[in-house]
Every structure is written in C-alpha cells, then in structure tokens.
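A short write-up of the structure that comes next.
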Ligand SMILES: Cc1cc2nc3c(=O)[nH]c(=O)nc-3n(C[C@H](O)[C@H](O)[C@H](O)COP(=O)(O)OP(=O)(O)OC[C@H]3O[C@@H](n4cnc5c(N)ncnc54)[C@H](O)[C@@H]3O)c2cc1C
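In this note's numbering, the protein residues as written are 268 to 630.
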C-alpha cells in the first residue's frame with residue numbers, strides 16, 4: 268500500500284480545508300491516523316506495484332497456481348456444502364452446464380463473501396431452524412445467527428460543488444479522506460468523509476449531476492443499523508433476499524446529519540475556493556429537508572460484512588479458529604465472520620483474516 272502518487276489538485280485542497288477546520292493531516296492513511304482518537308485526514312492509499320494496480324488474485328493466487336496442490340476452476344458455482352452427519356465432506360457445484368461433487372480429504376473452507384456465504388450455509392442446512400423448514404431444507408445444525416447482523420458502511424451521495432473548469436479524475440478518483448467524530452464524546456471517529464473528483468451520487472440524487480462537478484461524501488463507519496440475508500427459495504441460482512436496513516437506527520441518521528454539516532464546512536472552506544464556483548448540494552436547508560436528502564443520497568460503500576459472525580453467544584456462527592459451530596471440517600474466511608464492521612475499509616482486514624487462517628492451518 269502507498270499513498271496515491273500525483274493526486275488531483277482537489278485532494279491537497281481538501282487536506283488544507285480540513286486542516287483549517289482544526290483536523291490533523293497525516294502523511295499516511297494507515298498507522299498513526301488509524302490509532303488517533305480524534306481521527307484526521309490524509310491522501311488515501313492504493314495497492315500499486317511498479318505502476319500497476321494490484322488486485323487480490325494477482326497478489327495471492329497467481330503466484331501459487333503452479334503448485335500441484337492447487338486447482339482453480341473458473342466459472343464453477345457451489346450450490347451446497349455436503350455433510351456426512353455433522354461433518355462437512357465436500358461441495359456440490361455447477362460447472363460447464365453440469366453438476367459435480369468435490370470431496371475433501373481435510374476441510375471445506377468457505378470464502379464466498381458476506382452475502383453468498385450465509386446463502387450457502389442456509390442452502391446446506393445451517394441456519395435458523397424455522398427459516399430452513401420454510402424451504403424444506405433439512406437442518407444439519409440450528410444456527411440462528413446465519414444471515415443476521417448484516418453491517419455495511421452507508422455513504423451519502425449528496426455533497427456536490429461546481430468548479431469553473433473540468434475536474435479530471437486521477438488514480439482512484441477518491442484521493443483524500445477524513446476520519447472524524449459526529450459527537451465529541453465518542454472515543455473514536457465514526458465518520459469517514461471522502462473527497463471524490465466526480466459526481467458521487469445515488470440513483471435518487473443523480474439528477475443533480477452536471478458538468479464540472481465534484482463531491483464530498485460522508486460515510487458512517489460505526490453504524491448501529493443491522494440488516495439480514497435470507498433465502499428467497501431453495502434454488503441455488505436465486506439471489507438471496509438482502510434486507511440492508513440502512514439508517515433504520517435513528518442514531519445513524521443523527522450521525523450522518525453531522526457528517527453533512529462537516530461536509531458543507533469543508534467544501535465551502537476558503538482552501539477550496541479555486542474549485543468552488545457554486546455549491547450544488549446540499550446547500551442551506553432545514554433539518555427535515557436535510558434528513559430527506561440523506562435518505563435519498565444514502566448508498567452502500569460496498570462493505571457488507573458480519574453475517575456469520577465470530578463469537579461464543581447464541582447468534583455467533585464461527586469460533587476463534589473460524590470453525591463453524593456445531594459441525595466438523597468447515598471453516599469460513601471472508602467478511603461474514605467479522606462481529607462488527609471495521610471502522611476502516613474492509614478489503615485489507617478481510618485479507619488479514621485469510622492470512623490468519625493460513626497461520627492457523629499451518630500454511
Ligand atoms: C465496487 C466496490 C468497490 C470497493 N472498494 C473498496 C476499497 O476501495 N477499499 C476496500 O478496502 N474495500 C473495497 N471494497 C470492499 C471489498 O472489495 C470487500 O469488502 C471484499 O472484497 C470482501 O471480501 P470477501 O472475501 O468477504 O468477499 P468477496 O471479495 O465478494 O469474495 C467472494 C468470492 O466468492 C465467489 N463466490 C460467491 N458465491 C460463490 C459460489 N456459490 N460458488 C463459487 N464462488 C462463489 C465470488 O465470485 C467472489 O469471488 C469494494 C467493493 C466493491 C464491490
């Protein structure tokens with residue numbers, strides 16, 4: 268990871284603005300900033316090696332593909348985990364138009380993400396008994412927490428300014444960000460506010476997109492709202508029902524109100540004057556109108572997690588070695604195992620969970 272090289276001029280202007288507002292600016296996004304009780308701002312970090320963005324397969328998978336104990340089947344879709352009694356024995360999957368079975372000599376490791384992992388567990392008989400019986404799925408183990416506790420970072424696409432000239436996105440288009448508190452009494456930041464060199468808007472606020480506009484978007488990174496993933500049917504090709512439940516907890520709306528106020532202060536700060544010919548959104552508006560705009564502008568930061576959480580209570584699904592409770596030979600390594608969504612973005616922590624599993628299993 269390294270800070271974006273050659274950022275758009277908007278990004279350093281954003282950092283000057285937050286500094287004017289009393290926030291500390293850090294050289295790097297990770298380390299001291301993440302430990303800081305008050306938060307702060309930085310140029311964001313990207314995964315680049317020798318001038319090229321690195322994705323996860325390039326970083327982790329391709330280097331081991333030559334090994335005789337690695338087989339990669341692209342386009343294969345697992346439809347169910349198979350069990351001998353309460354011990355996972357393999358998976359059933361669709362590949363090239365037909366159904367196949369892969370038996371395991373050791374363990375099944377599920378890594379299908381916070382939306383598909385609970386779906387697969389449910390299809391395989393691991394979940395709330397009543398929910399499974401509704402779809403005539405035999406219960407392997409009653410685990411009421413499967414699919415519950417869905418968490419995400421909501422982000423509001425409703426902070427928009429017009430520049431006098433074109434704003435050309437560089438690198439990843441969101442090159443500076445600020446961690447801040449919505450309430451001074453909090454022990455650490457709950458807002459993550461992004462400077463975006465493009466109109467970052469929801470379906471409902473997209474009508475405001477026009478020439479030469481750019482955004483500041485507040486995200487909530489310690490949300491109280493919880494959603495769920497449930498089956499729509501017992502057909503593995505059907506998408507699950509996703510109840511995002513964003514902002515269902517009033518405290519999240521209250522925090523994002525503060526986020527929008529801070530967003531306005533940054534965008535209208537003198538440090539941003541070269542890029543601020545006009546404030547398009549939110550503008551000055553009453554609290555009720557602001558709440559409506561937040562609800563219209565809210566989107567997922569694509570950080571769905573926590574639907575098969577680690578723990579020891581009745582609603583937890585895996586133990587501290589990532590083993591699924593109550594069954595043998597089955598572990599999970601993906602965002603679903605987080606008990607609470609991380610305050611920062613999710614990709615690096617999820618890679619760390621997989622690295623940890625590698626350690627646990629002695630790889
Ligand atoms: C548009 C977008 C932008 C993002 N930007 C960032 C960012 O800037 N920084 C950051 O930290 N995070 C970012 N994230 C979030 C991050 O990518 C995710 O949190 C992370 O990839 C989740 O990892 P995971 O292993 O839990 O699941 P995934 O990455 O979703 O991996 C699950 C894998 O399982 C496969 N799969 C699912 N079901 C089956 C099945 N039945 N059979 C076979 N295979 C299956 C899927 O195809 C997928 O490859 C972004 C996400 C999105 C969507």
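By construction, the Cβ of each residue, glycine as well, lies at the ideal position given by its N, Cα and C atoms.
Since we're looking at a predicted model, the values are computed, not measured.
Asked	Found
With a Cβ-Cβ cutoff of 7 Å, do residue 422 and residue 486 count as a contact?	yes
If you measure from the beta carbon of residue 299 to each beta carbon in chain C, is any gap under 7 Å?	Going by chain labels, chain C is absent from the structure shown, which holds only one protein chain.
Per the DSSP calculation, residue 614 is bridged to which residue(s)?	None; residue 614 has no bridge partner.
Is residue 399 closer than 7 Å to residue 413 when the C-beta atoms are compared?	no
So which of 530, 604, 610, 570 has the shortest CA-CA distance to residue 584?	604
Pick out whichever of 577, 582, 594 has its Cα sitting closest to the Cα of residue 588.	577
If you check the beta carbons only, do residue 549 and residue 527 fall under 7 Å apart?	yes
Could you tell me which residues DSSP pairs with residue 420 in its beta bridges?	DSSP output for residue 420 lists no bridge partner at all.
Taking 5 Å as the limit, name every residue whose beta carbon sits nearer than that to some heavy atom of ligand 1, in sequence order.	344, 345, 379, 380, 383, 569, 601, 602, 612, 613, 614, 617
Take the Cβ of residue 397 as the centre, count every other Cβ of all protein chains shown within 10 Å, and call the residue buried at 16 or more, exposed below.	exposed
To the nearest angstrom, report how far apart residue 608 and residue 489 are at their CA atoms.	7 Å
Exposed or buried, which one is residue 499 when buried takes at least 16 other CB atoms within 10 Å?	exposed
Roughly how many angstroms lie between the CA atoms of residue 376 and residue 345, to the nearest whole one?	12 Å
Here's the rule: buried if 16 or more other CB atoms are within 10 angstroms of the residue's CB, otherwise exposed. What is residue 596?	buried
Within the same chain, show all residues whose beta-carbon is closer than 6 Å to that of residue 408, passing over the 5 residues directly before and after it, in chain order.	393, 593, 594
Among residues of its own chain, excluding the 5 on either side of residue 538, which ones have a beta-carbon nearer than 6 Å to its beta-carbon?	280, 283, 284, 287
Pick out whichever of 320, 308, 535 has its Cα sitting closest to the Cα of residue 459.	308
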